[in-house]
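**Student:** Just passing along the structure, written as structure tokens.
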Amino acid sequence: MINYKILFSLMLLLIIPLAIHDSFAQITSGGFGKSPFERDFGDVKLLDAYFGTANEKIEIDPGDTNVPFTVVFANVGTQDITGIKGQLSLPLGFSPTDGSGSLIMADATSNSLAGDNFYLTFYVNIDKNMKIKQYPGSVKVDYSRLRESGIRSSFSDFNFKVTGNSIINVKALNPFLNSLKTNYVTIEISNDGTAPLSSVNIVATNTQTELSATSTSTTNIENVVILESNWNVGNIEPKSSKSLTATVYVPQNLQQDTLRIPLTIKYYNAHGDLQTVSKIVDFYIKGLIDLTVYDVNVIELSGTQMVVGEIINEGNEKALFGFITLEPLNNSNIKKQTQFIDEIDTDSPVPFNIPLEFDSKPQYGEHDIQLTVRYKDSVRDELFVTHNATIFVKEPPKTESGNNLQFIIIPIVIVIAIGIYIMRRRKKSKIQAN
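According to the working numbering, the sequence shown holds residues 287 to 720 in order.
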């Protein structure tokens, strides 16, 4: 006969653990219970995965080939490991450089001591149609413990990024400076690549303030004065640019020379690493041409009224192929004329004289005029200097009518007298003959 009390007691013993398991938290994998964080322990722990080598992360573009891809691990076990081999699995569009299979292989060149990091570097081709963004990847590491037979394996998932590539270029928007004057220059910093530049800071190096720290000078920038030497231009997005301005004074002795300004550019790349790039922006130093027109007046030469004046060059370089043009202003009817004056040197003033002509009946009195000096500098750029003036055109003196009559009568009287004299001589000669 079955003892129901004993059977019932056994059933209770089986049911109670199940009820307790559902009612209380239990320690499961890793000994920490259910948690959003993984706490599985092993000998190998993945630290980072990026394009680059063990010593340096690099920026890459879609379409790049034979690109190093490095995965960083830590040997968190208590023993050294050896025989380290890796297998890398990346999404479609990433392929091994050797072109065989979907997995990308790599071997570690040395053992990994307990507590040290080790690197596996794979070589990857990137399809040109891939986008600049984050992708998932997986890696398997096979290794052996020292003084232990057999192979252990570790599997890790990670995210990595196709960063794009940053390309920095610098140029002067106006590459010409004038000596003996203050120049306001604009330098353009452009990012011609596909990755952004963050927190861009620029320093003009090897300036007068740094000469004490440098034994020799690499450029002639120490001979000029730059009022600004440090610029923070912020972020520069791909295919865009930022500009910085500087105030530069160039002495006379650097005329017709090239000024080279070295720039040290610091920024954070797409990996978040601080990068330092050295660039040089070049300027050509022209001499100074400083023209002034003065002493504009009207004089009369040989019965012709002429506009005269002088041009002085207060710079240190002569103006070439000079012309001066006279134009009427307001209601003036003076005819526009141009005169060639050739070179305008710095030694002495250059005079000019332009005959006055009118488009219609001359108007006497005050006339507003504009004088324009056109010339070229040493790089054959055409430049203009204008000068406005008011001149006074005098009316020619009028001749009196009485005086005009005298000019007519006197010749007639002379002719009559000569005629009378000749007639008398002829008459006298006839009387003597008879």
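Every residue, glycine too, gets a C-beta built ideally from N, C-alpha and C.
The model shown is predicted, which means the values in this text are computed figures rather than measured ones.
Using the three-state DSSP reduction, which class does Gln538 fall into: helix, strand or coil?
**Tutor:** helix
**Student:** Consult DSSP for Val701 and reduce its assignment to one of helix, strand or coil.
**Tutor:** helix
**Student:** Alpha carbon to alpha carbon, what distance is there between Lys467 and Thr578?
**Tutor:** 16 Å
**Student:** According to DSSP, is Ile694 helix, strand or coil?
**Tutor:** helix
**Student:** Relative to the C-alpha of Thr491, which residue among Ser388, Asp366, Val510 is closest?
**Tutor:** Val510
**Student:** By how many angstroms is the C-alpha of Tyr570 removed from the C-alpha of Val425?
**Tutor:** 56 Å
**Student:** Can you give me the C-alpha to C-alpha distance between Asp667 and Ser529, rounded to a whole angstrom?
**Tutor:** 25 Å
**Student:** Taking C-alpha atoms, which residue in Ala400, Asp402, Lys419 lies nearest to Pro348?
**Tutor:** Between Pro348 and the set Ala400, Asp402, Lys419, the nearest pair of CA atoms involves Lys419.
**Student:** Tell me which residue opens and which closes the beta strand (DSSP E) that Arg431 is part of.
**Tutor:** 420 to 431
**Student:** Flag this pair as touching only if the segment 582 to 601 and the segment 517 to 527 have three or more C-beta atom pairs under 8 Å; answer yes or no.
**Tutor:** no
**Student:** By how many angstroms is the C-alpha of Ser564 removed from the C-alpha of Ser321?
**Tutor:** Residue confidence for Ser321 is low, a pLDDT of 43 falling below 50, so the modelled location carries little weight; the figure read from the coordinates is stated next. Going by C-alpha positions, Ser321 is about 50 Å away from Ser564.
**Student:** Looking at the structure shown, is Phe592 part of a helix, part of a strand, or coil, going by DSSP?
**Tutor:** Here the sequence assigns Met to residue 592, which means Phe is not the residue at that position. Met592: strand per DSSP, three-state reduction.
**Student:** In angstroms with no decimal places, state the Cα-to-Cα distance between Thr500 and Val665.
**Tutor:** Because the pLDDT of Thr500 is 45, which lies under 50, any placement of that residue in the model is unreliable, and the number read from its coordinates should be weighed accordingly. For Thr500 and Val665, the distance between alpha carbons rounds to 34 Å.
**Student:** Buried or exposed for Phe337, going by 16 or more other Cβ atoms inside 10 Å?
**Tutor:** buried
**Student:** From Lys398 to Thr368, what does the alpha carbon distance come to, in whole angstroms?
**Tutor:** Per the sequence shown, residue 398 should be read as Ser rather than Lys. Their Cα atoms are separated by approximately 6 Å.
**Student:** What residues in its chain sit with their C-beta under 8 Å from that of Glu345, if we drop five residues either side in the sequence?
**Tutor:** Phe337, Thr449, Gly450, Asn451, Ser452, Gly479, Ala481, Asn555, Ala556, His557
**Student:** Could you pull the DSSP bridge partners for Val410 from this structure?
**Tutor:** Val353, Pro382
**Student:** For Lys414, collect the residues of the same chain with a Cβ closer than 8 Å to its Cβ; drop the 5 residues on either side in sequence, then sort them by chain order.
**Tutor:** Pro348, Gly349
**Student:** Measure the alpha-carbon distance for Phe318 versus Lys331 and round it to whole angstroms.
**Tutor:** Confidence at Phe318 is low in this model, with a pLDDT of 38, below 50, so its placement is unreliable and the value that follows should be read with caution. If I take the Cα positions, the gap works out to 19 Å.
**Student:** Is Val357 closer than 8 Å to Gly379 when the C-beta atoms are compared?
**Tutor:** no
**Student:** Under 7 Å from any heavy atom of the ligand MN, does the C-beta of Gln625 make it?
**Tutor:** The ligand MN is absent from the structure shown, which contains no ligands of any kind.
**Student:** Suppose you measure from the CA of Gly651 to the CA of Val679; what does that come to, to the nearest Å?
**Tutor:** 5 Å
**Student:** Hey, would you say Ile597 sits closer than 8 Å to Pro537, going by beta carbons?
**Tutor:** no
**Student:** Beta-carbon within less than 6 Å of Asn455's beta-carbon, same chain only, minus the 5 sequence neighbours each way: which residues are those?
**Tutor:** Ser476, Asp478
**Student:** If we call anything under 8 Å between Cβ atoms a contact, is Glu474 one with Leu459?
**Tutor:** Yes, the pair counts as a contact, with Cβ atoms nearer than the cut-off.
**Student:** Judging by CA-CA distance, which residue of Val486, Gln541, Leu606, Val410 is the nearest neighbour of Asn518?
**Tutor:** Val486
**Student:** Please report the distance separating the alpha-carbon of Asp559 from that of Tyr661.
**Tutor:** 53 Å
**Student:** For Val489, which residues of its own chain have a beta-carbon under 6 Å away from its beta-carbon, when the five flanking residues on both sides are left out?
**Tutor:** Non-local beta-carbon contacts of Val489 in its own chain, meaning distances under 6 Å to residues more than five positions away in sequence, involve Asn516, Thr550 in chain order.
**Student:** Mapping the DSSP letters down to three states, classify Glu629 as helix, strand or coil.
**Tutor:** strand
**Student:** Is it true that the CB of Gln542 sits closer than 8 Å to the CB of Gly573?
**Tutor:** yes
**Student:** What do you get for Val410, buried or exposed, if any count of 16 or more other CB atoms within 10 angstroms of its CB means buried?
**Tutor:** buried
**Student:** Please tell me whether Arg546 and Ile575 are closer than 8 Å, where the distance is taken between their beta carbons.
**Tutor:** no
**Student:** The beta strand (DSSP E) that contains Asp747, what's its start and end?
**Tutor:** What is shown of the chain runs 287 to 720, which leaves residue 747 out entirely.
**Student:** For Asn469, which residues does DSSP report across the bridge?
**Tutor:** For Asn469, which the question treats as bridged, DSSP gives the partners Val534.
**Student:** Return the first residue and the last residue of the beta strand (DSSP E) that Thr368 is part of.
**Tutor:** Taken as a continuous stretch (DSSP letters only), the beta strand (DSSP E) holding Thr368 covers 367 to 375.
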